[in-house]
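Peer 1: Once you've had a glance at the structure underneath, I'll fire off some questions.
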Amino acid sequence: MSPPEVSIVVPAFNEEHSLAVLAAEIGEAMREAGRSHEILFVDDGSTDGSLTVLQGLAARDGRIRVLHLPSNCGQSAALAVGFRAASARVIVTLDADLQNDPADIPRLLAELESCDVVSGIRVHRQDRWLRRVSSRVANRVRDWVIEDSITDVGCSLKAYRAEFLRGIPTFHGMHRFLPALVQMEGARVREIAVHHRPRRHGRSKYTIRGRLPRVVVDLVAVWWMQRRSHSSRGSPHRSQSRA
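Counting the sequence shown from 1 gives a position; my numbering is that position plus 142.
This is how it looks when you write it as structure tokens:
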């Protein structure tokens, strides 16, 4: 059996009420895109019924695979597990909380025909003001330090050519720097506007307290890796398009 054209990696932590809806929406989006696919749900040590829901979905749909982490390891670890298990040449990532809209996936895949990574920019964000402001500040500081020119790195809805994810370093805050890390691999990154929806169920896992020291350390580490990459390969390719 030939591998699917697209692997969709979805980290999930305590999202039991969103998962069935999300799986159905992804299936509809992929029918529209006309691409074969697999969905890799990575259960990140959920303490609610998420794992049971996912196992039920997988039993009914052979395109769904469930990867389980026995304890909560964080988004970066969950993504890394999904990347290693993905079998397609294209990988799409999105959150499990239904705030990313799977209907945007066909547009990401279309844009990927002329670049290596497509990163979403959330328009009309449906988050509280503090999260929006902190995200905006973090994006500006990150761009000032590592100059990756990514407008909204916190948007999880992205599409990648899988080869650019194979060699990237994995660390706790990796997910915040994925565009910069793939640029170091020579990837051409493009941005497009995507929808953002209110959270329907549960509570946000995002917190500001205690994150700053770790983010600063990660930022300095990526800056150092970037300088080494620049000296050995030259500047990364960049291409930007916003719709």
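Cβ atoms here follow ideal geometry from the backbone N, Cα and C, with glycine treated the same way.
#1: For leucine 251 and serine 213, I'd like the C-alpha separation in whole angstroms.
#2: Quick one: residues in its chain with C-beta nearer than 6 Å to the C-beta of methionine 172, no 5 flanking neighbours on either side, listed in chain order?
#3: In the DSSP assignment, find the unbroken beta strand (DSSP E) run with isoleucine 334 in it and report its ends.
#4: Taking just the CA atoms, how far does arginine 308 sit from arginine 226?
#5: Hey, how far is the Cα of serine 144 from the Cα of valine 195?
#6: Quick one: is threonine 235 buried, meaning 16 or more other Cβ sit within 10 Å of its Cβ, or exposed?
#7: Going along the chain, which residues of its own chain have a beta-carbon closer than 6 Å to the beta-carbon of threonine 312, five neighbours each way excluded?
#8: If isoleucine 233 sits next to alanine 304, beta carbons under 8 Å apart, how far is it from one beta carbon to the other, in whole angstroms?
#9: Which residue wins for smallest C-alpha separation from leucine 164, given the options Ile206, Asp294, Arg177?
#10: To the nearest angstrom, how far is it from the Cα of arginine 318 to the Cα of valine 295?
#11: State the CB to CB distance for the pair alanine 201 and valine 265, rounded to an integer number of angstroms; the pair is presumed to be in contact (CB under 8 Å).
#12: Could you tell me which of Pro244, Glu170, Thr189 sits nearest to valine 151, measuring between CA atoms?
#13: Please list the terminal residues of the continuous beta strand (DSSP E) segment that includes serine 261.
#14: Span of the beta strand (DSSP E) holding valine 151?
Peer 2: For this structure:
#1: So the two alpha carbons sit approximately 33 Å from each other.
#2: Closer than 6 Å at Cβ, skipping near neighbours: His179.
#3: First-last of the beta strand (DSSP E) with isoleucine 334: 331 to 336.
#4: If you take the alpha carbons of arginine 226 and arginine 308, they lie about 8 Å apart.
#5: Using only the alpha carbons, I get a separation of about 27 Å.
#6: By the C-beta density criterion, threonine 235 is buried, having at least 16 other C-beta atoms within 10 angstroms.
#7: Cβ neighbours of threonine 312 beyond the five flanking positions: Ala222.
#8: Contact flag correct, Cβ pair sits at about 5 Å.
#9: The residue from Ile206, Asp294, Arg177 with its alpha-carbon nearest to that of leucine 164 is Ile206.
#10: Taking the straight line from one Cα to the other gives about 6 Å.
#11: Your pair alanine 201 and valine 265 does not check out as a contact, with CB atoms roughly 37 Å apart and the cut at 8 Å.
#12: Valine 151 has its Cα closest to that of Pro244, out of Pro244, Glu170, Thr189.
#13: It spans 259 to 264 - the beta strand (DSSP E) in which serine 261 sits, taken as one unbroken run.
#14: Here the beta strand (DSSP E) through valine 151 covers 148 to 154.
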